[in-house]
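Numbering (the numbering used here), first residue to last: 30 to 206. Single-structure report; data block below.
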């Protein structure tokens, strides 16, 4: 009779129970592989859901960057227009100043503050975007690693099944003495 020992997914200090028949050892190995395979598939499914959420977060952050950039550009255009008005009003004699120069300067200061706030917001949004992109990249690498591991487990499952089939065939074909 052919004795087959299968050492799959056992810790270095643990050895298969030699009191079990070879077929029982194969069945035990197959159960362990099946549980491991199921756990890998579940983990892959969770990661795929998480990466979908992360992709959505990246898209949202990209939209936020676009909106913030557009707002910043709008503020800068208003500031440029105000500066032209201030320069024009500064050329007029002081006697014709009706307070509009001071009002324009005040408005320019407020726009400068708003511009600074928008710059800070844009920097924060860019940091969030990079964080989401990094998370997405890490998840993609994890999915690839899990897919490779799942492929190896499937190959091991096939090997155990083939070994079990061969063992049964050998038992049938070996004459009893």
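Note that beta-carbon positions come from the ideal geometry of N, C-alpha and C, so glycine has one too.
Put simply, the backbone Cα of residue 53 is about 20 Å away from that of residue 184. The criterion of a C-beta distance shorter than 8 Å is not satisfied by residue 87 and residue 169. Judged by beta-carbon spacing, residue 62 lies within the 8 Å limit of residue 186, meaning their Cβ atoms are closer than that value. The DSSP-derived three-state label of residue 48 is coil. DSSP places residue 151 in the helix class (H, G or I) of the three-state scheme. Looking only at 194, 95, 175, 189, the smallest Cα-Cα distance to residue 77 is reached by 175. With 16 or more other Cβ atoms inside 10 Å of its own Cβ, residue 51 counts as buried. When secondary structure is reduced to three states using DSSP, residue 126 falls in the coil class, being assigned neither helix nor strand.
In the displayed model, residue 121 falls within coil according to three-state DSSP, outside both helix and strand.
In summary, residue 95 is exposed, with fewer than 16 beta-carbon neighbours lying within 10 Å of its beta-carbon over all protein chains present.
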